[in-house]
Amino acid sequence: MKYKEKIIAVLGCGKSGIAASRLALSEGARVKLFDTGNSEELQKKAMILRNEGISVALGEEGVCKDSTSYDLVILSPGISLEWEIVKPFKESGIKIVGEIEFAFSLCDSEIVGVTGTNGKTTTVELIGKILEECGETVAIGGNHGRPFADIINDKISYSTIVLEISSFQLETINEFCPNIAVWMNFAPDHLDRYQSVDDYRSAKMQIFVNQTEGDWAVVNGIDKLNNLRAKTVTFSAYDELSDYCLRGSKIISDGETLVDQSMTKLRGLHNAENLMAATAVAKIRGYKNEQILNATLDYQAPPHRCELIAESQGVQFINDSKATNIHAMISAINSFSDHDIVLVAGGKNKGISYAEAAEVVSKNVNSVVLFGENKFQVSKDLESSLRCHMAKDMDEAVRTAVGLVDGLGVVLFSPGTSSFDMFKGYEARGDAFKNSVTKLII
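364 is the number that our numbering gives to position 364 of the sequence shown; each next residue is one higher, with no gaps.
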């Protein structure tokens, strides 16, 4: 066993840290998990883990004071290499890896890795569904869903593991190398973690760093990624010169129609690109068009992603709470550009300007309702486009939007930023939107 009798420190008691701890323990390592939090929830987790044989240190004890006694440190993705909790290990020269890197060291399956600013989860699910329908033994996980380490701990020889991989996870790889790397798109985000957009992009680009000529890269043609060592295919809903492109509702490659998006439940140009990327992976694996289409016919995108939650008196209410950046918000607006849109936006102030959305908003949106921590900054960024209406909370935002919508319009909740100013996560924020709509239209 590769890690038998090794002494391993795991930093972060979230789902990735717990999964890494359990995998390390199953491989015969001696494991201690550190977390500077000390909530009641963490204490309950710690009790369970201690009963399993994992040592856990919380609160003040969650900062390691004997870093030189460890053979390996595994970081949870939420913990930056620059944080104080990591400093003792860096100074001691201990090898530091992320959960993705650690799990990869024990993996004998083919890996499809999907990164990008938006569309990762849907694309991972689509790839997994297609490969499974084509007869493969597949597991999906990563940043969304099951941690990679949890999948490896199944002790099952999956033919393929499809992973959603965030920039945070890619910061701490050394040897991780997907057989097929998928780059969905890129837009400024996470500037509360990174010092610059270039730093964020560099972290994302790590997905290609260990690939060779025997691997594949499936990349968005708009982003013009050059000098990749892997064999490269491109896709884009906006560029007909890409290897996979969109004509009407049809996904085309080499003049051949592969999949007709209108036959699926996926709507919008953003979902067309998700479908293209998944189709490209399936074609690389040698599967037929009919197999791909059959696998995607009944696929329903995850909730909180341009989700139609209600329709009342001709008005559609769309929950796009997962739009945690400007690029996602713009994609949602473009997807409903043939409707009269009232946009509900705003949330945590991540230091990102909405000015780049001003032209799209001006062209396609009738009214804007803002709430959340950044509402006044967003209003300033969009003031040249149209007047913005302010709301103090979700209920007031929805009420205001309904009062502004005309005829057969759309109330589009697409915040353009994260939710942590008022909510636990984008799911809780989306549920709050649903509840506000339900209260208003019933």
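Every residue, glycine too, gets a C-beta built ideally from N, C-alpha and C.
Within a Cβ cutoff of 8 Å, which residues of the same chain sit near residue i, ignoring the five residues on either side of it in sequence?
i, result
"residue 358", "381, 382, 384 and 385"
"residue 2", "27, 105 and 106"
"residue 307", "301, 318, 319, 320 and 430"
"residue 445", "With the chain covering only 1 through 442, there is no way to say anything about residue 445."
"residue 419", "321, 324, 347, 348, 425, 426, 428 and 429"
On the CB-based measure, 16 or more other CB atoms within 10 Å of its CB, does residue i come out buried or exposed?
i, result
"residue 434", "buried"
"residue 22", "buried"
"residue 350", "buried"
"residue 25", "buried"
"residue 444", "This structure cannot speak to residue 444, because the chain is shown only from 1 to 442."
"residue 174", "exposed"
"residue 297", "exposed"
"residue 129", "buried"
"residue 236", "buried"
"residue 438", "exposed"
"residue 44", "exposed"
"residue 155", "exposed"
"residue 271", "buried"
"residue 375", "buried"
"residue 263", "exposed"
"residue 192", "exposed"
"residue 47", "exposed"
Looking at residue i: is its Cβ nearer than 8 Å to the Cβ of residue j?
i, j, result
"residue 87", "residue 96", "no"
"residue 67", "residue 92", "yes"
"residue 116", "residue 186", "yes"
"residue 320", "residue 412", "yes"
"residue 206", "residue 163", "no"
"residue 310", "residue 329", "no"
"residue 360", "residue 397", "no"
"residue 122", "residue 295", "no"
"residue 284", "residue 180", "yes"
"residue 80", "residue 16", "no"
"residue 147", "residue 19", "yes"
"residue 409", "residue 341", "yes"
"residue 393", "residue 371", "yes"
"residue 165", "residue 103", "no"
"residue 222", "residue 200", "no"
"residue 36", "residue 73", "no"
"residue 269", "residue 334", "yes"
"residue 343", "residue 253", "no"
"residue 287", "residue 265", "no"
"residue 167", "residue 144", "no"
"residue 126", "residue 274", "yes"
"residue 362", "residue 395", "no"
Please return the same chain residues whose Cβ sits closer than 7 Å to the Cβ of residue i, not counting the five positions on each side in sequence.
i, result
"residue 279", "244, 251, 258, 259 and 292"
"residue 219", "183, 225, 232 and 234"
"residue 158", "109, 137, 138 and 139"
"residue 441", "310 and 312"
"residue 354", "326, 378, 381, 382 and 416"
"residue 42", "13, 35 and 58"
"residue 407", "314 and 340"
"residue 399", "440"
"residue 210", "175, 176 and 177"
"residue 323", "329, 332, 414, 415 and 416"
Apart from the five residues on each side of it in sequence, which residues of its chain come closer than 6 Å, Cβ to Cβ, to residue i?
i, result
"residue 465", "Since the first residue of the chain shown is 1 and the last is 442, residue 465 is not available in this structure."
"residue 5", "none"
"residue 113", "163, 165, 178, 181 and 207"
"residue 373", "348, 349 and 421"
"residue 30", "7"
"residue 289", "258"
"residue 32", "9 and 55"
"residue 98", "75, 169 and 172"
"residue 367", "342 and 404"
"residue 150", "19"
"residue 134", "287 and 291"
With DSSP as the reference, identify every bridge partner of residue i, one or two as the case may be.
i, result
"residue 245", "236 and 252"
"residue 9", "32 and 73"
"residue 345", "370"
"residue 58", "35"
"residue 259", "251"
"residue 439", "Per DSSP, none; premise fails for residue 439."
"residue 231", "216"
- Item | 3 or more residues per run - each beta strand (DSSP E) lying fully within the segment 271-330 | 307-312 and 315-319
- 3-residue-minimum beta strand (DSSP E) runs that sit fully inside the segment 134-193, ordered along the chain: 138-142, 160-164 and 180-183
query: Which full runs of the beta strand (DSSP E) of 3+ residues lie inside the segment 74-136, going along the chain?
result: 95-98 and 110-115
(Q) Just to confirm the assignment: which complete beta strand (DSSP E) runs, minimum length 3, are found wholly within the segment 356-429? (A) 365-370, 388-390 and 410-413
### alpha helix (DSSP H) runs wholly inside the segment 189-220, at least 4 long, in chain order
197-205
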